[in-house]
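Here the sequence shown stands for residues 526 to 1097, where the numbers follow my numbering.
Input: a single structure, listed below in structure tokens.
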Amino acid sequence: MKLNKYIFATLITSTTLFLGSCSDFLDRSPQGQFTEDDNPNALVNGKIYNVYTMMRNYNVTAGPPAFAIHCFRSEDSEKGSTASDGADQAAMYDDFQYNTSNGLIKAYWSQNYAVIYQCNDVIETIEKGNLTEENDLRNKGEALFFRAYCYFELLQAYGDLIITRTPLDIDSPEMQKARNPRTEVADFIIDDLKEAAKLLPVDKAISSSDEGRLSCEAALAFLSRVALYEGTWEKFHNGGQNTERTKDLLNTAAQAAHDVMAGGAFELFAPQELGTEAYKYLFILENEKSNPASINKTGNKEYIFTRRHDPVINSIGFNITQGRLGNALYVTRKMANMYLQSNGLPINPQTWNYTKVDDEYKNRDNRMNNQLMVPGQTYWGTNGGRIDWSGNAAEIANASHRNFMPQTGTGYFPHKWCSERDGVPTGMEAYDFPIIRYAEVLLNYAEAVFERDGQISDEDLAISLNLTRKRINPEMPDLTNDFVTANNLDMRTEIRRERTIEFFDENFRIDDLKRWKTAEDEMPMNLTGVKWKGTDFENRWPDASFKEKDGEGCIIHEKGRRSYSRMISCRA
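The structure is reproduced here in structure tokens:
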């Protein structure tokens, strides 16, 4: 069963769940998709393969998020401008009304249940046919994983859901019944993932011909995500009354993450040849021509489960590099201020004085430069890429952005997910999208342990958070209990900071804010940009003089934001 080849072929013709035309997929009869062979094994294989093509993809980073209805809108225009407090996608949301009559809200419900239908169909076929071969049980494990995956997508968006274990069309009478409470839904998801982990092979046992298929570790890693989400939800919502359930969920998250860590199949991507730019090249790794160390995808042991791409038969398919490199996707000052100094201490925005446009990028966590475009520096893209990675005059002359200088938006621009490979036609980038990566497992473990116990040992920090913190910051001090005490820091704040920085632009932030119950405070804050007044930006960006500034002299990009009272529980 060559999953990699099949996925690449079917992606050319399949309508994906989270990108492209939703209606085409929903208009098809799920029962009629795989009737070319009456063999139950062939039918099961085909249906499972089809589900693989429906997982999240780059649309959650380079366009409106898969579920951008987190119920926030501008006070004045009632138009949503962002899916997080850390970035603004400019005009991308101009016609996106955040209200329950919006068709995208209803479509998201239907799309996920359409996949759940197929998963239930696979499980029912296997169980009714008494299919017990190794691959049949593996297919069942995959179906259980994907069913849990879709239910978790829905849980984060809607809360209470209709649990169904049989294949039901979205308009079936049973799908109009009262919803099961979120606690039951969460337990249902967790049970599916635990069973899936038992049925799926460990990563090291997956053959090269099946490369890309789900592993036991993928189920455990996703279990850690789900249990952490629901455990912290229980802790910070409704007064945290059910302490026993909270502790049980957080223990499940910590144990699942630890099991993946102990398995030894995965590690952070940190080739010595890439030094302090390893984080940057992780996200644009295609082939030997995509980075200065000539590393290809086989050198990446961090990605646990991905949406796979190929430059010939399955490229990303839309303008991800040119659409964001110095383009209309803006980062907020709030995000920029989250990056630590190189000494491991946070900055104080009120006393963080600087005058040059690139001053605030100096002596900071190297992920800041790996993720954001520094004014005055050179950047390469698909329409002006690297020649030989030498940085010589010819290569600089070929760059798409020489002496980059912000002139719009907040003044902060990302370059994560932007290829430097020269001559790539628009939309033909082919790096894999990380649905689950090992860095998440490490940070899930650290947070789950801390929230479960109210503390975390230096030993546990050493095997988890400090690995991501120091991946490209080898000289930065470890986060330890003594370091926190000596510098009057807060351990929870630093754990959350690390998560926010590590997963910048990977569509975690809004759901993190929701589960921490801080969204109602964080999201209505003004979106601000660079410090303009009193800095060289006054000369380098004179057109921003008309923009409103705050008390620190920072550009106010958007204000008057507010959240709906039901922001945590949108209804289909």
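Note that the Cβ used here is the ideal one computed from N, Cα and C, for glycine as well.
Since the model is a prediction, treat every value here as computed from it, not as a measurement.
- When C-beta atoms of the stretch 786-805 are compared with those of the stretch 819-828, three or more pairs fall below 8 Å, so the two segments count as touching.
- I872 has its alpha-carbon roughly 26 Å from the corresponding atom of R1086.
- Per the C-alpha coordinates, the member of I641, R663 and V569 positioned closest to A744 is R663.
- For T831, no alpha helix (DSSP H) segment is defined; the enclosing uninterrupted segment is the beta strand (DSSP E) at Y828 to R832.
- Boundaries of the alpha helix (DSSP H) around R1034: R1034 to R1040.
- Here A682 is buried. Its C-beta has 16 or more other C-beta atoms within 10 Å.
- Residue pairing of Y904 in beta bridges, as defined by DSSP: H926.
- Our two residues, L897 and A919, have alpha carbons roughly 24 Å apart in a direct line.
- When DSSP states are grouped into helix, strand and coil, V1055 belongs to the strand group.
- Here G979 is exposed. Its C-beta has fewer than 16 other C-beta atoms within 10 Å.
- By the criterion of a C-beta distance shorter than 7 Å, Y886 is surrounded in its chain by M893, N894 and V899, once the five residues flanking it on both sides are discounted.
- Counting every other CB atom within 10 Å of its CB across the protein chains shown gives I687 a total of 16 or more, marking it as buried.
- For V785, the closest C-alpha among the options L693, E965 and N575 is that of E965.
- If you draw a 10 Å sphere on the C-beta of S982, you find fewer than 16 other C-beta atoms in it, and that means exposed.
- Proximity to Q932 across A803, L807, V1009 and K1072 peaks at K1072, based on C-alpha coordinates.
- Taking 4 residues as the shortest admissible run, the stretch 619-700 contains the following complete alpha helix (DSSP H) segments, listed from N- to C-terminal end: 628-653 and 659-683.
- S840 and A922 have their C-alpha atoms some 28 Å from each other.
- In this structure, DSSP gives H783 a helical state, which the three-state scheme calls helix.
- In the DSSP annotation of this structure, C1079 is not part of any alpha helix (DSSP H); the continuous beta strand (DSSP E) holding it starts and ends at C1079 to E1083.
- With respect to the 8 Å criterion, L968 and T993 are classified as neighbours on the basis of their beta carbons.
- In the DSSP annotation of this structure, R581 is not part of any beta strand (DSSP E), being labelled neither H nor E.
- The three-state secondary structure of G909, taken from DSSP, is strand.
- Shown here, D983 sits in a helix according to DSSP, grouped into three states.
- Here DSSP, grouped into helix, strand and coil, assigns V856 to strand.
- Out of D661, D694, Y879 and R707, the CA that lies nearest to the CA of G1059 is found in Y879.
- P959 is bridged by DSSP to T831.
- Inclusion of F1028 and G869 in the CB contact set at 8 Å is not warranted, their separation being larger than that value.
- Shown here for Y638: same chain residues with a beta carbon closer than 6 Å to its own, the five before and five after excluded, namely I695 in chain order.
- Beta-bridge analysis with DSSP links L897 to P939.
- With 16 or more other Cβ atoms inside 10 Å of its own Cβ, T1025 counts as buried.
- Note on geometry: alpha-carbon atoms of E742 and A778 lie some 13 Å from one another.
- Within its own chain, the residues whose Cβ lies closer than 8 Å to the Cβ of R1021, once the five positions on either side in sequence are excluded, are E972, D1037 and W1041, listed in chain order.
- Between the alpha carbons of R962 and A746 lies a gap of roughly 8 Å.
- Per DSSP, reduced to three states, the secondary structure at R1086 is strand.
- V1055 and M580 have their C-alpha atoms spaced approximately 36 Å apart.
- If you draw a straight line from the Cα of S740 to the Cα of I573, it comes to about 14 Å.
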